Amino acid sequence: MDELVNQVSAKTGIEADTVKKVLTTAAEFVKGKLPEPLAGQVEGFLTGQSGGNPLGGLSDKLGGMFGS
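Residue numbers (my numbering): 5 to 72.
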C-alpha cells in the first residue's frame, strides 16, 4: 500500500499520512462488502502479498488511473 500512498501523495500534493487514512478507510469499506475470499485477496494486494492471485496485476491498472 505504501507505493500507492506515495503515488497518490506525489500526484495530489496531499500529505502521505492523510492519503493513507483515506485509502485504508476505502479498503476497509470495500473489504466489508466482499465475500471473505475476495476480501482476503484485496488485503493481500494492499499488503504486497498478492502472490499469484488474479489481483496481482491490479496495481498497474490502478497506477494508470492516477496517470503513472
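Think of the CB as a built atom: it goes at the ideal place given N, C-alpha and C, for glycine as much as any other residue.
Keep in mind it's a predicted model, so treat the numbers as computed, not measured.
Alpha carbon of residue i to alpha carbon of residue j, nearest angstrom
{"i": "SER13", "j": "ALA20", "result": "5 Å"}
{"i": "LYS25", "j": "GLY52", "result": "18 Å"}
{"i": "GLN11", "j": "GLY48", "result": "19 Å"}
{"i": "GLY44", "j": "GLU7", "result": "19 Å"}
{"i": "THR16", "j": "LEU50", "result": "20 Å"}
Cβ separation of residue i and residue j, assumed to be a contact under 8 Å, to the nearest whole Å
{"i": "LEU27", "j": "MET5", "result": "6 Å"}
{"i": "VAL9", "j": "ALA31", "result": "Wrong, their Cβ atoms sit about 11 Å apart, outside the cutoff."}
Residue range of the unbroken alpha helix (DSSP H) whose run includes residue i
{"i": "GLU1", "result": "The displayed coordinates of the chain run from 5 to 72. Any statement about residue 1 would go beyond what the structure contains."}
Cβ-based burial, residue i [other Cβ within 10 Å; buried from 16]
{"i": "VAL34", "result": "exposed"}
- [ ] Could I get the ranges of all uninterrupted beta strand (DSSP E) runs contained in the segment 27-53, with 3 residues as the minimum, in chain order?
- [x] Fully enclosed beta strand (DSSP E) runs of 3 or longer: not present.
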